[in-house]
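Structure first, then comments.
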Amino acid sequence: MDGNRLAALPPEITRSILRFATDVPVAVDASLETSLNEDPLETRALVEQSLDLKRTISLVSKSFHALVEEFLYEIILIRRPTGIARLVAHLREKRPGYTDRGWWVRRLELDFEVSRTMMTWNAGWDTLWGLLSACAHLQVFRLAPRGSVRAQLQHRRYYYYDWCASCSAKLLRNLAVLHGRTLRRIEFGDNIVPQPDHFAQFLSLLPALESSTALSIGYVGDTIADLGPTPEEDVSPWPEGLPEDSRLLHLHTLHMELGELPRQLAAWRLPNLKHLHVVRADDIPMDKHVFEFLRAHDCTIRSLYHERQEYNPFGRLWQRDPAGIGCSHTNNTITFIP
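For what it's worth, our numbering labels the leading residue of the sequence shown as 10, then goes sequentially.
Following this line, the structure appears as structure tokens:
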């Protein structure tokens, strides 16, 4: 169908056609099936194709732009941070008779290479340079900037370190206050490091959360590798979370290093936890609360993935259980990813 014939159709039909042509359901899906089967590279390719198509359609005419605008901003993928200030202003722009563009954003993804020349990290990090408040109804949030740092050590040798940044309590609190009621899926990449207590407080404020990924929970200790902001001591109070028996009732997927599991989670009962995806379950110390958490959810977990190993490490893990009990149900659901 050519553009003229499409434009002649009733607006609601044209809108449905454009919706079908540009939709990427997996990008805003937080279901268990997606957690188990999604190919991140394929999702990224589909998102990029959809964004290109939306931009092309929006340039056809003003009427086409008006029809596609709500789809144009539903997924924001930032691959170069230098234009964030302009994007924030664009999302917040007040237009008579129109909804702010930020109202349409459902997925916000920051995935770019970091260098000192690209931006000043200390300025605006706790609000992601205004992006958090510019978006109104986030359902999926992914923060995964990456990079490396060259450092000269002794004997004039240069070494490259992975860049990492502390995920401050202010950033987590702002994200929870602004979007806690709507967030269904969160992903923090390897290079973003929230502290365990802060991450537990953050999770307690997300009643709709279904899938959580945090690949590095702990503390940023290598100042050479850290190009991110140095967090100041934060004494601001957190909002009151839900009662412990009402937290994360919809959470079905948890992806993290098992030894970094926040201690508070051992006291929570997550009735819908089905999928536990862990890394380094066999070669780092395990505190007592980790085993308590595993035993508490032994009957609900249906799949347990372990990656970065060429063998099944969970037999050794159960042997280290101080109670000597293990997890009989979970032990039969193990899958490992070399």
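Every residue, glycine too, gets a C-beta built ideally from N, C-alpha and C. All values derive from a computational prediction rather than experimental measurement.
Where does E196 fall in DSSP's three states? As a first step, residue 196 must be located in the sequence shown, where it is residue number 187. Strand.
By the 10 Å Cβ neighbour count, where 16 or more other Cβ atoms means buried, how is Q148 classified, buried or exposed? Within the sequence shown, the letter at position 139 stands for residue 148. Q148 comes out buried.
Expressed to the nearest angstrom, what Euclidean distance is found between the alpha-carbon atoms of R194 and K283? Position 185 of the sequence shown holds residue 194. Position 274 of the sequence shown holds residue 283. Taking the straight line from one Cα to the other gives about 15 Å.
Would you call the stretch 109–122 in contact with the stretch 85–97, where contact means no fewer than 3 C-beta pairs closer than 8 Å? yes
Where does F150 fall in DSSP's three states? As a working mapping, residue 150 is identified with position 141 in the sequence shown. Three-state DSSP puts F150 in a strand.
G227 versus M265, L258 and R190, residue with shortest Cα-Cα distance: Residue 227 sits at position 218 when you count from the first residue of the sequence shown. Checking every option, the nearest Cα to that of G227 belongs to M265.
Taking F80 as the reference, give the member of P280, T108, D296 and E42 with the closest Cα. Numbered from 1 along the sequence shown, position 71 holds the residue referred to as residue 80. Per the Cα distances, T108.
Out of curiosity, what's the CA-to-CA distance linking R28 and G268? Within the sequence shown, numbered from 1, the residue matching residue 28 stands at position 19. Within the sequence shown, numbered from 1, the residue matching residue 268 stands at position 259. Distance between the alpha carbons of R28 and G268 is about 43 Å.
I'd like the ranges of any alpha helix (DSSP H) spanning at least 4 consecutive residues and lying wholly in the stretch 45–82. 49–67 and 71–81
Going by CA-CA distance only, name the one from F302, H298, A276 and D296 that's closest to L285. Numbered from its first residue, the sequence shown carries residue 285 at position 276. Checking every option, the nearest Cα to that of L285 belongs to F302.
Smallest Cα separation from I26: which of N46, T43 and L76? Numbered from its first residue, the sequence shown carries residue 26 at position 17. Among N46, T43 and L76, the Cα nearest to that of I26 is on L76.
Could you check if S245 is buried or exposed, using at least 16 other CB atoms within 10 Å of its CB as the buried criterion? On the sequence shown, residue 245 is found 236 positions in, with the first residue counted as 1. Its Cβ having fewer than 16 others within 10 Å, S245 is exposed.
Is the beta carbon of P205 sitting closer than 9 Å to the one on R272? Within the sequence shown, the letter at position 196 stands for residue 205. Within the sequence shown, the letter at position 263 stands for residue 272. Against a cut-off of 9 Å, the Cβ pair of R272 and P205 comes out as a contact.
Name the one or two DSSP bridge partners that E266 has. Sequence index remark: in the sequence shown, residue 266 carries index 257 (1-based). In DSSP, E266 forms a bridge with V288.
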